[in-house]
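Chemist: Chains as they are written, first to last, in the working numbering: chain A, 1 to 211; chain B, 212 to 924.
Beta carbons are placed, not taken as given, at the ideal position from N, Cα and C, and that holds for glycine.
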Amino acid sequence: MKKNVLIIVMALFSLTVFSSEEPYKEEMGKNIKSMEKAKSLNDFQELSNKFERIAKAENEKWLPYYYSAFCTINMSFFTKEKCDQYLDEAQKMIDEANRLSPNNSEVETLQGYLYLGRIMRDPQTRGMKYSPMATGCFEKAKALNPNNPRPYYLSGQNLLHTPVQFGGGKTVACPILTIALEKYNSFKPESEISPNWGMKETEELVKNCSK
Amino acid sequence: MKKLFISIIILITSINSFGQTKISGVVSDNNGETLPGANIYFLDSYDGTSSDTLGRYSFRTDLTGKQILIVSFLGYKNSSTEMILEGKEINLNIILKENNNQLDAVVISAGSFEAGDEKKAVVLKPLDIVTTAGGLGNIYGALNTLPGTQIVGEDGRIFVRGGDGYETKTFIDGMLVENPYSSKMPDVPVRGRFSPFLFSGTMFSTGGYSAEYGQALSSALVLNTNDLPQKSVSSISLMSVGAGFSHTKRWKRSSVSFEADYTNLAPYFNLINQDFDWKTPPKGFGGNIIARKKTGKNGLIKFMGTFSHSKSELSYPDFDNIGVKNNIGLINDNSYLNLTYSDILSKKWLSKAGISFSYNDDNTDIDLDNFKETNKTVQAKYTLTHLLNEEIIIKFGSDFVNRDYSQKYFDFNKNKTYKTSFNDNIASVFAETEIAIGNKFAARAGSRFEYSSLISKMNLAPRISLAYKTGKKSQVSFAYGKFFQNPQNNFLVFNNDLDFESASHYILNYQWIKNDRVFRVEAYYKKYHGLVKYDSLHSSNPDAYNNTGNGYAKGIDIFWRDNKTINNVEYWISYSFIDTERNYLDYPETATPTFVSTHNLSTVVKWYVPILHSQFGATYSFNSGRTYFNPNTMDFLSNKTGSYNNLSLNVSYLTNIFKKFTIVYFSLGNIFGVDNIYSYHYNSKPNPQGIYKSFAVKPGAKRFVFLGVFISI
Numbered sequence: 001m002k003k004n005v006l007i008i009v010m011a012l013f014s015l016t017v018f019s020s021e022e023p024y025k026e027e028m029g030k031n032i033k034s035m036e037k038a039k040s041l042n043d044f045q046e047l048s049n050k051f052e053r054i055a056k057a058e059n060e061k062w063l064p065y066y067y068s069a070f071c072t073i074n075m076s077f078f079t080k081e082k083c084d085q086y087l088d089e090a091q092k093m094i095d096e097a098n099r100l101s102p103n104n105s106e107v108e109t110l111q112g113y114l115y116l117g118r119i120m121r122d123p124q125t126r127g128m129k130y131s132p133m134a135t136g137c138f139e140k141a142k143a144l145n146p147n148n149p150r151p152y153y154l155s156g157q158n159l160l161h162t163p164v165q166f167g168g169g170k171t172v173a174c175p176i177l178t179i180a181l182e183k184y185n186s187f188k189p190e191s192e193i194s195p196n197w198g199m200k201e202t203e204e205l206v207k208n209c210s211k
Numbered sequence: 212m213k214k215l216f217i218s219i220i221i222l223i224t225s226i227n228s229f230g231q232t233k234i235s236g237v238v239s240d241n242n243g244e245t246l247p248g249a250n251i252y253f254l255d256s257y258d259g260t261s262s263d264t265l266g267r268y269s270f271r272t273d274l275t276g277k278q279i280l281i282v283s284f285l286g287y288k289n290s291s292t293e294m295i296l297e298g299k300e301i302n303l304n305i306i307l308k309e310n311n312n313q314l315d316a317v318v319i320s321a322g323s324f325e326a327g328d329e330k331k332a333v334v335l336k337p338l339d340i341v342t343t344a345g346g347l348g349n350i351y352g353a354l355n356t357l358p359g360t361q362i363v364g365e366d367g368r369i370f371v372r373g374g375d376g377y378e379t380k381t382f383i384d385g386m387l388v389e390n391p392y393s394s395k396m397p398d399v400p401v402r403g404r405f406s407p408f409l410f411s412g413t414m415f416s417t418g419g420y421s422a423e424y425g426q427a428l429s430s431a432l433v434l435n436t437n438d439l440p441q442k443s444v445s446s447i448s449l450m451s452v453g454a455g456f457s458h459t460k461r462w463k464r465s466s467v468s469f470e471a472d473y474t475n476l477a478p479y480f481n482l483i484n485q486d487f488d489w490k491t492p493p494k495g496f497g498g499n500i501i502a503r504k505k506t507g508k509n510g511l512i513k514f515m516g517t518f519s520h521s522k523s524e525l526s527y528p529d530f531d532n533i534g535v536k537n538n539i540g541l542i543n544d545n546s547y548l549n550l551t552y553s554d555i556l557s558k559k560w561l562s563k564a565g566i567s568f569s570y571n572d573d574n575t576d577i578d579l580d581n582f583k584e585t586n587k588t589v590q591a592k593y594t595l596t597h598l599l600n601e602e603i604i605i606k607f608g609s610d611f612v613n614r615d616y617s618q619k620y621f622d623f624n625k626n627k628t629y630k631t632s633f634n635d636n637i638a639s640v641f642a643e644t645e646i647a648i649g650n651k652f653a654a655r656a657g658s659r660f661e662y663s664s665l666i667s668k669m670n671l672a673p674r675i676s677l678a679y680k681t682g683k684k685s686q687v688s689f690a691y692g693k694f695f696q697n698p699q700n701n702f703l704v705f706n707n708d709l710d711f712e713s714a715s716h717y718i719l720n721y722q723w724i725k726n727d728r729v730f731r732v733e734a735y736y737k738k739y740h741g742l743v744k745y746d747s748l749h750s751s752n753p754d755a756y757n758n759t760g761n762g763y764a765k766g767i768d769i770f771w772r773d774n775k776t777i778n779n780v781e782y783w784i785s786y787s788f789i790d791t792e793r794n795y796l797d798y799p800e801t802a803t804p805t806f807v808s809t810h811n812l813s814t815v816v817k818w819y820v821p822i823l824h825s826q827f828g829a830t831y832s833f834n835s836g837r838t839y840f841n842p843n844t845m846d847f848l849s850n851k852t853g854s855y856n857n858l859s860l861n862v863s864y865l866t867n868i869f870k871k872f873t874i875v876y877f878s879l880g881n882i883f884g885v886d887n888i889y890s891y892h893y894n895s896k897p898n899p900q901g902i903y904k905s906f907a908v909k910p911g912a913k914r915f916v917f918l919g920v921f922i923s924i
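Next up, the structure:
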């Protein structure tokens, strides 16, 4: 009997030790799911907060920082006034993610995404500075992981919004978006909670290309 | 045994249920405003929530014992509260303190227009200087659309708040530029020597500026050069007045670029008839080299070197001999070197060192006489900034300037050369502290001490600025300062028994910024002392130079900018009212100087049309008449010219030529061809009928046309 108890107690213990990854994955997975439904500044704020809490509690994981930054960048698109403040905050989290996982294609892509946010605030004044910076990030992200579809998607989207005179437009952007879609189709995320966004948007853009 | 087992199970489950603690409250700031979206959580756990739209929060946690509750919100300092969780409901209202570095924190705005920090660039954007119609790529032309400045069409320099042109000093990366303007031909306006594309930051102060800057009575223009360029690029420019080529090479941590240009106005003057009688239309060449290098983690070395050579000749009336014209020929050589090194020494110390060298040589032939003026100025400067804590920044530094000036005059009739020169060392130290109390109150107080070896005099200039936030979007600031400047070279060279000229500024500013709209109104009072004076017109007796001149200026400057109301349109309106009088130089009495117009209005509109890939710009300027002296009336400076009106347009069109990105730029100045008269010149002697004859000072042509094509290759 004593033995039995010991086994049970040990089992209980080991379960808790063994499963410390489980609540993390569960919580992350839940938040990533609701991210797909997020539509407003408040939605993204709440999610960014959730990811930030996980990031702070886990301390050494890059993904919660990554997602928190991603949500915060999305927040910046809803407001002109606080746009830069949100992006500054997102930058801090990207820096953390970068520290925890250097030379990560996904983090590099996110950095480029942040620069696109800077451009959105005032394209005429900022395009000249941030556009090459964003392109640089996407190129680096492609080099780090040629299978990552997101840098293709974002650079294609950026080119679509760039005037023809600046080297943008449909004819340049669409082939890149088509590549992005191909890459999405064959893309296997490392884990359930690894970055896996952008496919729907890419499909939409590619549809528009053929119009 | 079974019992024990069951009790263990019970214990484990009971911890779970017994341990649930509900915690709730409201998050607000110290003004009592609730903060929605704040993050509330226990340290090292997932347990937490976000505050709702009313700032309320509520959540349950399984944690027990001593825990730390963290509340964070963008723009505020984190709060942490230690508490014991034992299942009892906890109600805790949290008050967050604002971060001092918030974007909407109070800023010291009295007297200054800034463009540079793109995140705050609402008042002025870096590109504004380039895209303002009528500015024509001339920094000073664009600044003339801001309140507090005067358009003095025949001069070209910037005149600020009743101050003469020499009272504004230009600094590049904090270093003095002795000759920021091209050389002067009579009645032909000068231009800025530096291309606005070299700079990404501009701080234009119309008064009350920091103790870091001295030797300027009225105004400081601080230009900050670009950091490392984004990428390697070459470009060609073809213009109606010349051509240029530039190349930039970027490495990972450094960059070098060079630029060469050639200007010749002859073809343009052949096409568009000029009132000036040019013998040699202005022509010249110039170039610059710019290098950047990052050192260590945060260090940056910046080097800039520019040179230019230009030539022009004009036939110009001789005021002393009626009906006679003189040929005035000017050859100018100019160079400017600027080297700075800035670094972060530790988390709390920033250091910046710099040297600059200005060289200018104007060689002027007036018929058979020759006048040659040369100046060489060397400056060394060092500043240290100490971030004492979040609230207090201390900055101090010293700066040393050596000025070497010489004049040579060759009198053909007497076949004699007169030479004169001076060498002046100006040593300065300054200290300044910036204090921020919360987001609401900021103060900057400092002092500058200067000693000039040539006049063996010293001065102490206190400066103080205060700013207080009166509402979420509005603030009031006040500035006071004393400003000293050595007398101008042409006085110092003949008499070094002079003292500093000085001015005191009092400025009160109200500023309102919301989204992309800015409204500012600024009232000022300025008092001049010790201006250089001499007895009579054309005084040839330098011993009579003295510092008994004085004056005042008071007025109101209003600025409204709106980037929001109309899509793709940005516009601003500046209005200045000024009342100023002074008694200096050869003035027989106190009078409003010739460079002042009482009412000044500028409207700048920029309209971007995406389908046309074009930006259209328009600038309208209105100035009420300026005073001039008609010797036939004998009432000094009692006459006034008509008002000045100018509507200028420009278009920049973005396109591709041979697949290379190209900007086509077209600009038309004074489209309605208004006959603007800047002033009148009178002969120094009356004609036989006893009348002083005059002629009007006007621009070379009524309209100005400019076409340029800029290609990146």
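Would S19(A) count as contacting chain B if we go by Cβ distances under 8 Å?
Modeler: Within the first sequence, residue 19(A) is the residue found at index 19, counting from 1. With a pLDDT of only 49 at S19(A), under the threshold of 50, the placement of this residue in the model should not be trusted; the figure read from the coordinates follows. By this cut-off, S19(A) is not an interface position.
Chemist: Report the CB separation of F906(B) from V363(B) in whole angstroms; it is logged as a contact under 8 Å.
Modeler: Here residue 906(B) is taken as the residue at index 695 of the second sequence, counted from 1. Here residue 363(B) is taken as the residue at index 152 of the second sequence, counted from 1. With a Cβ gap of about 18 Å, F906(B) and V363(B) do not count as contacting.
Chemist: Hey, would you say K744(B) sits closer than 8 Å to G762(B), going by beta carbons?
Modeler: Translated into positions along the second sequence, residue 744(B) becomes position 533. Translated into positions along the second sequence, residue 762(B) becomes position 551. Contact flag unset, no.
Chemist: Alpha carbon to alpha carbon, what distance is there between A714(B) and T791(B)?
Modeler: Your numbering for residue 791(B) matches position 580 in the second sequence. Your numbering for residue 714(B) matches position 503 in the second sequence. Answer to the nearest angstrom: the Cα atoms are 13 Å apart.
Chemist: Can you name the residues of chain A whose CB is closer than 7 Å to the CB of G248(B)?
Modeler: Walking along the second sequence from the start, residue 248(B) turns up at place 37. In chain order: N42, Q45.
Chemist: Can you check whether the CB of V317(B) is closer than 8 Å to the CB of A653(B)?
Modeler: The residue labelled residue 653(B) in the question sits at position 442 within the second sequence. The residue labelled residue 317(B) in the question sits at position 106 within the second sequence. Yes, these two residues count as a Cβ contact at 8 Å.
Chemist: Just how far apart, CA to CA, sit Q111(A) and D88(A)?
Modeler: The residue given as residue 111(A) occupies position 111 in the first sequence. The residue given as residue 88(A) occupies position 88 in the first sequence. Looking at the two C-alpha atoms, the distance is approximately 12 Å.
Chemist: Can you grab the Cα-Cα spacing for the pair S76(A) / N42(A), in whole Å?
Modeler: In the first sequence, the residue the question calls residue 76(A) occupies position 76. In the first sequence, the residue the question calls residue 42(A) occupies position 42. Straight-line Cα distance between these residues: approximately 11 Å.
Chemist: What does DSSP give as the partner residue(s) for I54(A) in the beta ladder?
Modeler: Looking up residue 54(A) in the first sequence gives position 54. Paired residue(s): none; I54(A) is not in a bridge.
Chemist: Give a yes or no on whether 8 Å exceeds the smallest Cβ distance from D255(B) to chain A.
Modeler: Counting from one through the second sequence, the residue named residue 255(B) turns up at place 44. Yes, D255(B) counts as interfacial toward chain A.
Chemist: Which residue wins for smallest C-alpha separation from K50(A), given the options G243(B), K680(B), S283(B)?
Modeler: By 1-based counting over the first sequence, the position of residue 50(A) is 50. The candidate whose alpha carbon is nearest that of K50(A) is S283(B).
Chemist: Using a Cβ cut-off of 7 Å, pull out every chain B residue sitting near N185(A), in sequence order please.
Modeler: For the purposes of this step, residue 185(A) is taken as residue 185 along the first sequence, with counting starting at 1. Ordered by position in chain B, no residue passes the 7 Å Cβ test against N185(A), which lies about 33 Å from the chain.
Chemist: Once DSSP output is grouped into helix, strand and coil, what is the label at R267(B)?
Modeler: Residue 267(B) sits at position 56 when you count from the first residue of the second sequence. It is a strand residue.
Chemist: So, with DSSP's three-state summary, where would you put H161(A)?
Modeler: The count along the first sequence starts at 1 and reaches residue 161(A) at position 161. Correct three-state label for H161(A): helix.
Chemist: Across which residues does DSSP place F415(B) in a beta bridge pair?
Modeler: Counting from one through the second sequence, the residue named residue 415(B) turns up at place 204. Looking at the DSSP assignment, F415(B) forms a beta bridge with F324(B), L432(B).
Chemist: Between G497(B), S825(B), D384(B), which has its C-alpha nearest F877(B)'s C-alpha?
Modeler: Numbered from its first residue, the second sequence carries residue 877(B) at position 666. Among G497(B), S825(B), D384(B), the Cα nearest to that of F877(B) belongs to S825(B).
Chemist: What residue ranges within the region 456 to 515 of chain B form continuous beta strand (DSSP E) runs of no fewer than 3 residues, ordered along the chain?
Modeler: Correct list: 465 to 475, 488 to 506.
Chemist: Could you say if the region 581 to 596 of chain B and the region 565 to 573 of chain B meet the contact criterion of at least three C-beta pairs nearer than 8 Å?
Modeler: Touching, per the Cβ criterion.
Chemist: Going by beta carbon distance, what residues of the same chain come within less than 7 Å of Y527(B), once the five residues before and after it are set aside?
Modeler: One-based indexing of the second sequence puts residue 527(B) at position 316. Only P397, K536, N537, I539 meet the Cβ criterion.
Chemist: Determine the chain E residues that contact T866(B) at a beta-carbon separation under 8 Å, and present them in chain order.
Modeler: Protein chains in the displayed structure are A and B, and chain E is not among them.
Chemist: So, for S546(B): in the same chain, excluding its five sequence neighbours on each side, which residues have a beta-carbon less than 6 Å away from its beta-carbon?
Modeler: Counted from its first residue, the second sequence places residue 546(B) at position 335. Excluding positions up to five away in sequence, the list reads F518, Y570.
Chemist: Give the interface partners of G926(B) over in chain A, defined as CB-CB distance under 8 Å, in chain order.
Modeler: The shown model of chain B, from 212 to 924, leaves out residue 926(B), and the question about it has no answer.
Chemist: Compute the Euclidean distance between the alpha carbons of V920(B) and S658(B), then round it to the nearest angstrom.
Modeler: For the purposes of this step, residue 920(B) is identified with residue 709 of the second sequence, where counting begins at 1. For the purposes of this step, residue 658(B) is identified with residue 447 of the second sequence, where counting begins at 1. Cα to Cα, the separation comes out at about 48 Å.
Chemist: Starting from the beta carbon of L338(B), find every residue of chain A whose beta carbon is closer than 7 Å, and list them in chain order.
Modeler: For this step, residue 338(B) is matched to residue 127 along the second sequence. Near L338(B) (Cβ distances below 7 Å), the residues of chain A are T125.
Chemist: What is the residue span of the alpha helix (DSSP H) that Q85(A) lies within?
Modeler: As a first step, residue 85(A) is located in the first sequence; it is residue number 85 there, counting from the start. Note, Q85(A): alpha helix (DSSP H), 83 to 100.
Chemist: Grouping DSSP H, G and I as helix and E and B as strand, with all else coil, what is N701(B)?
Modeler: One-based indexing of the second sequence puts residue 701(B) at position 490. If DSSP states are grouped into helix, strand and coil, N701(B) belongs with the helices.
Chemist: Measuring only the C-alpha atoms, how far is N196(A) from L254(B)?
Modeler: As a working mapping, residue 196(A) is identified with position 196 in the first sequence. As a working mapping, residue 254(B) is identified with position 43 in the second sequence. Approximately 29 Å, taken between the alpha carbons.
Chemist: Would S808(B) and F872(B) be called neighbours here (beta carbons separated by less than 8 Å)?
Modeler: Position 597 of the second sequence, counting from 1, holds the residue named residue 808(B). Position 661 of the second sequence, counting from 1, holds the residue named residue 872(B). Cβ atoms of S808(B) and F872(B): not closer than 8 Å.
Chemist: For K170(A), which residues in the same chain have their Cβ closer than 8 Å to its Cβ, ignoring the five residues on either side in sequence?
Modeler: The residue given as residue 170(A) occupies position 170 in the first sequence. The answer, listed in chain order, is L160, C209.
Chemist: Quick check: N349(B) and R402(B), are their CB atoms within less than 8 Å of each other?
Modeler: By one-based count along the second sequence, residue 349(B) stands at place 138. By one-based count along the second sequence, residue 402(B) stands at place 191. A contact, by the Cβ cut-off of 8 Å.
Chemist: Run through the region 278 to 321 of chain B for me and flag every whole beta strand (DSSP E) of 3 or more residues, listed as ranges in chain order.
Modeler: You should have 290 to 296, 305 to 307.
Chemist: For the alpha helix (DSSP H) containing Y24(A), name the first residue and the last one.
Modeler: The count along the first sequence starts at 1 and reaches residue 24(A) at position 24. Unbroken alpha helix (DSSP H) run through Y24(A): 21 to 35.
Chemist: Could you tell me whether any Cβ in chain B is nearer than 8 Å to the Cβ of I54(A)?
Modeler: Along the first sequence, one-based indexing puts residue 54(A) at 54. Yes - at least one Cβ of chain B is within 8 Å of the one on I54(A).
Chemist: Using a threshold of 8 Å, state whether the C-beta atoms of D384(B) and N499(B) are closer than that.
Modeler: Taking the second sequence and counting its residues from 1, one reaches residue 384(B) at position 173. Taking the second sequence and counting its residues from 1, one reaches residue 499(B) at position 288. Not a contact, by the Cβ cut-off of 8 Å.
Chemist: Using 8 Å as the threshold, is the C-beta distance between S639(B) and E661(B) below it?
Modeler: Walking along the second sequence from the start, residue 639(B) turns up at place 428. Walking along the second sequence from the start, residue 661(B) turns up at place 450. Yes, the pair counts as a contact, with Cβ atoms nearer than the cut-off.
Chemist: Considering just the uninterrupted stretch of the alpha helix (DSSP H) at L144(A), what are its terminal residues?
Modeler: Here the question's residue 144(A) lines up with position 144 in the first sequence. Per DSSP, L144(A) belongs to the alpha helix (DSSP H) from 123 to 144.
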